[in-house]
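**Student:**
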Amino acid sequence: MKRLLPVLLLSLVAACVSGTRVEGEMKETREGVMALRWGPAGSGLVHGEGLATEQRFWIDVDGAPPAAAFHQGVAVGEMVLLGTGSSVRLGMPLDDVHGVADGVAVVFRQKALGVDTEWAAVFPEGISCATQGAETWEPADCQSLDPLVFQ
Numbered sequence: 013m014k015r016l017l018p019v020l021l022l023s024l025v026a027a028c029v030s031g032t033r034v035e036g037e038m039k040e041t042r043e044g045v046m047a048l049r050w051g052p053a054g055s056g057l058v059h060g061e062g063l064a065t066e067q068r069f070w071i072d073v074d075g076a077p078p079a080a081a082f083h084q085g086v087a088v089g090e091m092v093l094l095g096t097g098s099s100v101r102l103g104m105p106l107d108d109v110h111g112v113a114d115g116v117a118v119v120f121r122q123k124a125l126g127v128d129t130e131w132a133a134v135f136p137e138g139i140s141c142a143t144q145g146a147e148t149w150e151p152a153d154c155q156s157l158d159p160l161v162f163q
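The sequence shown begins at 13 in the working numbering and counts up one residue at a time.
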């Protein structure tokens, strides 16, 4: 049992740090539930949720988005604001959408990319934040995003 305890503790610690938190400020005071909507704009699946309160937000993402959200090795997630008390059902479309963050997204890149997604080669594997560039998404530091504006 003495040898098993350190292994169990290490497993618990690893589980706590397996996810990613995206957090920051909003341009205006908003309250509600935050979610990441992955896939084609407006029709994607949800994977990741959090809260918006006052002028701050956070979204926790644990692991990769649903397989259906990927196109040639890349998934793009919109930051979506829902009404207070809304429920987020992972892998399902969203109801009660109050806005979508303008010009920012979360990108999840797999190792292998297709021809249509060569633009994503500048992103590291896994999850990253992105800002809208002239033609496509560009890497951005999740900790220093400009305050979100919702459309």
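Using N, Cα and C, we set each Cβ at its ideal position, and we do this for glycine too.
#1: Which residue comes first and which comes last in the beta strand (DSSP E) that contains LEU160?
#2: Provide the residue span of the beta strand (DSSP E) that contains PHE69, from first to last.
#3: Is there contact between the segment 83–97 and the segment 38–48, where contact requires at least three CB pairs shorter than 8 Å?
#4: Given this structure, state the Cα-to-Cα distance separating VAL100 from GLY60, to the nearest angstrom.
#5: Which full runs of the alpha helix (DSSP H) of 4+ residues lie inside the segment 104–137, going along the chain?
#6: For my contact list, THR143 and VAL112 are in at a C-beta cut-off of 8 Å; report their separation, rounded to the angstrom.
#7: So what does DSSP say about ALA152, is it helix, strand or coil?
#8: Among THR148, VAL127, PRO151, GLY138, which one has its Cα closest to the Cα of GLY75?
#9: Where ALA133 and ASP108 are concerned, what is the direct C-alpha to C-alpha distance, given to the nearest angstrom?
#10: Distance, Cα to Cα, SER98 vs ALA152?
#11: Given that a residue counts as buried once 16 or more other Cβ atoms are within 10 Å of its Cβ, and exposed if not, what is PRO77?
#12: Exposed or buried, which one is GLU90 when buried takes at least 16 other CB atoms within 10 Å?
#13: Which residues does DSSP list as the beta-bridge partners of VAL58?
#14: Residue range of the beta strand (DSSP E) that GLU35 falls in?
#15: Between ALA146 and PHE120, which are expected to be in contact by the criterion C-beta below 8 Å, what is the C-beta distance as a whole number of angstroms?
**Tutor:** A quick look at the data gives this:
#1: The sequence position of residue 160 within the sequence shown is 148, counting from 1. Looking at the DSSP string, LEU160 is not in any beta strand (DSSP E), and its letter there is neither H nor E.
#2: The count along the sequence shown starts at 1 and reaches residue 69 at position 57. First-last of the beta strand (DSSP E) with PHE69: 68–73.
#3: yes
#4: As a working mapping, residue 100 is identified with position 88 in the sequence shown. As a working mapping, residue 60 is identified with position 48 in the sequence shown. Whole-angstrom Cα-Cα distance: 9 Å.
#5: none
#6: Along the sequence shown, read from residue 1 onward, the residue named residue 143 stands at position 131. Along the sequence shown, read from residue 1 onward, the residue named residue 112 stands at position 100. Going by Cβ atoms, the distance from THR143 to VAL112 rounds to 14 Å, so no, they are not a contact pair.
#7: The residue given as residue 152 occupies position 140 in the sequence shown. DSSP places ALA152 in strand when its eight states are reduced to three.
#8: The sequence position of residue 75 within the sequence shown is 63, counting from 1. Measuring from the Cα of GLY75, the nearest candidate turns out to be GLY138.
#9: As a first step, residue 133 must be located in the sequence shown, where it is residue number 121. As a first step, residue 108 must be located in the sequence shown, where it is residue number 96. Cα-Cα distance, rounded: 34 Å.
#10: By 1-based counting over the sequence shown, the position of residue 98 is 86. By 1-based counting over the sequence shown, the position of residue 152 is 140. So the two alpha carbons sit approximately 29 Å from each other.
#11: As a working note, residue 77 is residue 65 in the sequence shown. Counting Cβ neighbours within 10 Å, PRO77 comes out buried, since at least 16 surround it.
#12: Position 78 of the sequence shown, counted from the start, is the residue given in the question as residue 90. Burial call: buried.
#13: As a working note, residue 58 is residue 46 in the sequence shown. Answer is ARG49, bridged to VAL58.
#14: Counting from one through the sequence shown, the residue named residue 35 turns up at place 23. GLU35 -> beta strand (DSSP E) spans 32–37.
#15: Counted from its first residue, the sequence shown places residue 146 at position 134. Counted from its first residue, the sequence shown places residue 120 at position 108. At roughly 22 Å, the Cβ-Cβ gap does not stay under 8 Å, so ALA146 and PHE120 are not in contact.
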